Amino acid sequence: MTSIFERALGADFARLHPELQRRFGVSVADGRACVGTGVMDHIWHAGFTRPFLAIGGTRNILVPEQGRQVPFTIENYPYVDSYGRETVSFVRVFDLPGRRRRFDAQMVFDPGKGIVDYLGSHQHLAVDLDFEVDERGRLVIRSSEFRLHEGRLSCRLPGAVTGTAVVRESYDDEAGEFRIGVTVSHHRLGPMFGYWGGFTARYVDVTEHGVPATIKPLREEARL
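Numbering (the working numbering), first residue to last: 876 to 1099.
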């Protein structure tokens, strides 16, 4: 069985840089996880977003603080969630001065939607993602529709209250590390939040070591 990212990209997966193929090739069948460690050169946000980021920070969504040269880890563990869906964790930890922040996401593959990204410790937000490979073998991920799931409430969020996230990930052969840049922008208000930096990766045998409970959400959401 191929990884959820291979399913999303199809034949274009082979155009990724080989190290990106290895990193995004993790799957339950493969039995490996990818753990990255590095430094975010810059974490930033526009001033008007601070109240919204502070609210999101209580559920491990985005990062309310700003900083430079921030130690960073990302854990990508494949597992099957309680609804039987193959899932890959994207748990990011930022060691800011005096404070540790988490930004949690769990990605699942749906045959109709492609990859859906559940954000936060309770999976309140579900986001459709579009994956593509650029001419240099870099991975580009763009968000599209956002949906809110809270109790009985389940609704699509209008574009006026959301942004568009663009993630660009590459591999620097000379430095021997992955490079990542994330920008969230509003179609009228402009750039709102982002970070960029680099990290190295190691691969963990999930069959031997298992999946840490700490990377899983406190609540799983069945609704896409």
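C-beta atoms are modelled at their ideal positions from N, C-alpha and C, and glycine is treated no differently. In this text, all values refer to a predicted model and were calculated from it rather than measured experimentally.
Drop a sphere of 10 angstroms on the beta-carbon of residue i, count the other beta-carbons inside from all chains shown, and report buried for 16 or more, exposed for fewer.
| i | result |
| --- | --- |
| Ala1097 | exposed |
| Cys1030 | exposed |
| Pro972 | exposed |
| His999 | buried |
| Tyr958 | exposed |
| Pro1092 | buried |
| Ala823 | Because the chain here runs from 876 to 1099, residue 823 falls outside it and cannot be looked at. |
Would residue i and residue j qualify as a contact pair, given that the criterion is a beta-carbon distance under 7 Å?
| i | j | result |
| --- | --- | --- |
| Gly1038 | His1024 | no |
| Gly1072 | Asp916 | yes |
| Val1041 | Arg1017 | yes |
| Glu950 | Val938 | no |
| Ile1055 | Ser964 | no |
Determine which residues share a DSSP beta bridge with residue i and list them.
| i | result |
| --- | --- |
| Gln981 | Ser964 and Tyr993 |
Need the endpoints of the beta strand (DSSP E) that residue i sits in, please.
| i | result |
| --- | --- |
| Gly1069 | Gly1065 to Asp1080 |
| Leu1032 | Leu1028 to Leu1032 |
Nearest by alpha-carbon distance to residue i: which of the options is it?
| i | options | result |
| --- | --- | --- |
| Phe880 | Glu1007, Lys1091, Pro1092 and Val938 | Glu1007 |
| Ile930 | Phe984, Glu961, Gly995 and Val991 | Gly995 |
| Arg1094 | Phe1068, Asp979 and Phe984 | Asp979 |
| His920 | Thr1089, Met1067, Phe1074 and Arg1027 | Met1067 |
| Arg898 | Phe923, Val1079 and Asp956 | Val1079 |
| Thr924 | Val1086, Glu1083, Phe947 and Leu1064 | Leu1064 |
| Arg907 | Thr962, Asn935 and Arg943 | Thr962 |
| Asp1003 | Arg1043, Gly911, Pro946 and Pro986 | Pro986 |
In the DSSP assignment, find the alpha helix (DSSP H) that holds residue i and state where it starts and stops.
| i | result |
| --- | --- |
| Ala1040 | Counting along the chain, Ala1040 falls outside any alpha helix (DSSP H), though it belongs to the beta strand (DSSP E) covering Thr1039 to Asp1047. |
| Ile930 | Arg925 to Gly932 |
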